[in-house]
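Below is one structure; the comments refer to it alone.
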Amino acid sequence: MARGPLGAKGVTAEAAIVRASVRGLPAMELFERAAMALRRAVPYSAGCWKPTDPRTLLFTGFGIEDGQSGKLAAARWRFVDNELLEPDHAKFRELLCRRVPVTTLHRETHGEPERSSRYRRIHRSLGYGAELRAVFRTGDACWGSVALVRDEGQPDFSDQEVAFIAGVGDHIAHGLRDALLREAASAASADRAPGVIVLDNDGSIRSLTDQARFWLKQLPRDRGTGLELPAVVHAVARRASRASQAEPPSSPFASVRMTSGGWLTVHAATLDTAGADHATVAVTLAPAALAELEPLQLALHGLTPREREVAQLLTRGATNDQIARALWISRHTAKDHVKAVYAKLQVGSRAELSAKLFHDHIAPRLDNQRIREFAAREPVAR
144 MARGPLGAKG
154 VTAEAAIVRA
164 SVRGLPAMEL
174 FERAAMALRR
184 AVPYSAGCWK
194 PTDPRTLLFT
204 GFGIEDGQSG
214 KLAAARWRFV
224 DNELLEPDHA
234 KFRELLCRRV
244 PVTTLHRETH
254 GEPERSSRYR
264 RIHRSLGYGA
274 ELRAVFRTGD
284 ACWGSVALVR
294 DEGQPDFSDQ
304 EVAFIAGVGD
314 HIAHGLRDAL
324 LREAASAASA
334 DRAPGVIVLD
344 NDGSIRSLTD
354 QARFWLKQLP
364 RDRGTGLELP
374 AVVHAVARRA
384 SRASQAEPPS
394 SPFASVRMTS
404 GGWLTVHAAT
414 LDTAGADHAT
424 VAVTLAPAAL
434 AELEPLQLAL
444 HGLTPREREV
454 AQLLTRGATN
464 DQIARALWIS
474 RHTAKDHVKA
484 VYAKLQVGSR
494 AELSAKLFHD
504 HIAPRLDNQR
514 IREFAAREPV
524 AR
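Have a look at this one:
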């Protein structure tokens, strides 16, 4: 007898998703294969799959499937603004904190989706009704999310479908994390200067440097969006527009894996342009530094928030007593956290922990730099 909430079709779809999740595929390819398998068990009209930087919860790409209509792709930034700027039901950040990180809009509004501004302002105008949202997480780290919608008039996603997606979501989350873990030891790309892009408030390019053009070519292409720039650039820029209104203003960022290897960090900040009638945003693209990658590397290994704090103190040479004082915990508790950190990162000491992070992120870059320096200084034969 077939097992699982959706019977035989669910077993077949789950098997395909598991196979895709253990292959170390890039995020978009994993999402594409997962979507193909999922449709066999859970029908839907359109979907938007997004990989996520677990430190900032900003998405770093778009994978949109809506057949030939293009409706969802055209409305993508309305959904982004709803997620980042508007109070609403079933936000991805909220789902991350729940025991089961999957829900539907009808469940959240007790059968009254009109209570959701996302439904009133976006779904209804596009002809969509039921919506399911899921977060792909390991522990407290979010590696991606998906929103699936059905045409107006179709039934809501059933309890069995919600349970099925919650189950396969674990496989997808580990697939996303493990793919990044395999890549995390790769060297960053060439030691080039940062690039700068200046965007108008509508997201259009006002100006960009040659270095920015170089870095943009290193970023993976989003699927089904028709965007002029990668989604991560727009996501960070929009967060910057919102952050500029906070006190004190913050500088949002996200790190994304490059197609050529290594990691690129995208920073954004609003520009105070005298006399301008609207704000512009400066986006900086630069190879990620160790200080930026360290929290991501620790998250990749499944460390809890407290363990990440302990690990970062360890890499700075803190003793157990110093860790206990810094985090306001007992020395015994600090010692237990240190043991857990060592076990998860498969090291035996502070020195090994620091060496691991150094060799994963700094040494390859230094080796490349040294080769170029020696080649440039090679003496002329006499």
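Mapping of the sequence shown onto this note's numbering: residues 144 to 525, in sequence order.
No residue lacks a Cβ here, since even glycine has one placed at the ideal position from N, Cα and C.
Spatially closest choice to A284 from R250, L275, E274, D321, by CA coordinates: D321
Cβ-based burial, D209 [other Cβ within 10 Å; buried from 16]: buried
Beta strand (DSSP E) containing W406: first to last residue? Judged by DSSP secondary structure, W406 falls within the beta strand (DSSP E) whose first and last residues are 406-414.
Is K478 helix, strand or coil by DSSP? Annotated three-state conformation of K478 is helix, per DSSP.
Rounded to whole angstroms, what's the CA-CA distance from A461 to V399? Just pull it up for me. Distance between the alpha carbons of A461 and V399 is about 30 Å.
By Cβ distance below 7 Å, which residues in the same chain neighbour S259 in space, the five residues on each side in sequence not counted? D231, H232, L248, T252
Buried or exposed: V243, going by 16 or more other Cβ atoms within 10 Å of its Cβ? exposed
Which residues bound the alpha helix (DSSP H) around K360? K360 -> alpha helix (DSSP H) spans 353-360.
Just how far apart, CA to CA, sit F279 and R166? 17 Å
As assigned by DSSP and simplified to three states, the class of R385: In this structure, DSSP gives R385 a helical state, which the three-state scheme calls helix.
How many whole angstroms separate the CB atoms of K193 and G287, which I take to be in contact at a CB cut-off of 8 Å? 6 Å
In the DSSP assignment, the alpha helix (DSSP H) including R276 goes from what residue to what residue? Membership of R276 in any alpha helix (DSSP H) is not indicated; the residue belongs instead to the beta strand (DSSP E) covering 271-281.
Keeping to the same chain, check which residues put their C-beta closer than 8 Å to that of R525; ignore five residues upstream and five downstream. Model confidence at R525 stands at a pLDDT of 34, short of 50, so the residue's coordinates are unreliable and nothing is read from them.
Counted within 10 angstroms of its Cβ, other Cβ atoms place E450 as buried (16 or more) or exposed: buried
Hey, quick one: how far does the alpha helix (DSSP H) through P373 stretch, first residue to last? Segment: none, P373 is in no alpha helix (DSSP H) and carries neither H nor E.
Fully enclosed by the region 192-245, which beta strand (DSSP E) runs are 3 residues long or longer? 206-208
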